Amino acid sequence: AQSVTQPDIHITVSEGASLELRCNYSYGATPYLFWYVQSPGQGLQLLLKYFSGDTLVQGIKGFEAEFKRSQSSFNLRKPSVHWSDAAEYFCAVERPFDGYNKLIFGAGTRLAVHP
Amino acid sequence: DGGITQSPKYLFRKEGQNVTLSCEQNLNHDAMYWYRQDPGQGLRLIYYSQIVNDFQKGDIAEGYSVSREKKESFPLTVTSAQKNPTAFYLCASSIGPTGAYGEKLFFGSGTQLSVL
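Top to bottom, those sequences are chains X and U.
Here the first sequence is numbered in the working numbering, starting from 434 and rising by one per residue.
Here the second sequence is numbered in the working numbering, starting from 367 and rising by one per residue.
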């Protein structure tokens with residue numbers, strides 16, 4: 434079955450430290466790939482996307498992600514974390530399914546930032 | 367400003383009761399979606415609608431019902447048949463569930479449903 438795996442449920446980093454959130458997917462072809470961020474009690478906001486081409490994509494708030502086909506991964510990175518980055522992060526894949534495109538979300542990674 | 371409005375923010379359900387969650391959008395989007403979010407499980411699709419007066423079941427439709435009588439509105443009813451309704455419910459809309467719509471998905475702020 435197609436799935437999206439975010440291996441880390443919780444991650445804690447110090448402010449100013451670098452960050453990498455992992456995402457792996459299982460699907461034969463390359464799907465559309467997304468990272469979303471969710472603040473407590475809020476909806477999801479798109480951080481960045483990968484459709485094709487350059488495997489390193491830039492997003493909002495200083496985030497970037499790298500698509501690695503050989504590893505079926507789409508990891509999210511940020512060189513220097515700010516306290517305001519504390520939130521939950523979701524990786525998602527979009528692929529054709531039964532006449533429409535279906536979004537499949539990972540379970541999320543909750544990020545805590547220490548001052 | 368255009369957006370999606372979900373109400374109420376918090377909702378409590380008694381045993382055997384049906385409750386309805388409201389979702390309204392003024393983005394002129396054709397497609398609307400309901401997701402359920404449980405801790406540690408990400409988002410799961412309950413129902414979606416691509417056009418007025420039409421909707422399809424998602425992955426976890428049992429115990430839920432929807433209607434789409436107006437383009438702007440997509441209410442979700444959690445029926446008494448849903449035995450574990452406590453969750454955070456998110457409504458979303460897009461121009462349509464095709465062609466990389468994940469990029470164009472707008473989310474409401476959610477409704478937290480709890481059982482009394």
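For each residue, glycine too, the CB sits at the ideal point set by N, CA and C.
Note that the structure is predicted; figures quoted are calculated from it, not measured.
For Q407/U, the nearest beta carbon of chain X is closer than 8 Å to its own beta carbon.
Residue ranges of uninterrupted beta strand (DSSP E) with 3 or more members, entirely inside the region 476-523 of chain X and ordered along the chain, are 477-483, 489-491, 497-501 and 506-511.
For Y460/X, the nearest beta carbon of chain U is not closer than 8 Å to its own beta carbon.
CA-CA distance, E469/U to W516/X, rounds to 26 Å. Residue environment: N384/U is assigned as exposed (fewer than 16 neighbouring CB atoms within 10 Å of its CB, all protein chains considered). In terms of CA proximity to R434/U, Q391/U leads the group Q391/U, V481/U and P374/U. Contact between the region 525-544 of chain X and the region 449-469 of chain X is established, with three or more Cβ pairs separated by less than 8 Å.
Cβ-Cβ separation between V514/X and V446/X: approximately 5 Å, consistent with a contact (criterion under 8 Å). Here A397/U is not near G465/U, since their CB atoms are 8 Å or more apart.
Nearest to N394/U by C-alpha distance, out of G382/U, Y414/U, L387/U and I370/U, is I370/U.
Close CB contacts of F496/X within its chain, under the 8 Å cut and outside five residues either way in sequence, are with W468, L480, L481, L509, R510 and K511 (chain order).
At a cut-off of 8 Å between beta carbons, A466/U contacts chain X.
Look at K380/U here: in three-state DSSP terms it is coil, with no helix or strand label.
Along the length of the region 437-479 of chain U, whole beta strand (DSSP E) runs at least 3 residues long occupy 442-444 and 453-460, reported in chain order. Listed along chain U are E469, each with a C-beta nearer than 7 Å to that of L479/X. For E527/X, the closest Cβ of chain U is nearer than 8 Å. Straight-line spacing of the CA atoms in Q491/X and V470/X works out to 15 Å. I537/X sits in a strand when the DSSP states are folded into three classes. According to the DSSP assignment, N394/U belongs to no beta strand (DSSP E), since it is labelled neither H nor E. Using a Cβ-Cβ cut-off of 8 Å, S475/U counts as an interface residue toward chain X, since at least one Cβ of chain X sits closer than that to its own. Here Q439/X carries a coil assignment [DSSP, helix/strand/coil]. Closest in C-alpha terms to T438/X, from the list L544/X, R455/X and R543/X, comes R455/X. The criterion of a C-beta distance shorter than 8 Å is satisfied by G474/X and G476/U.
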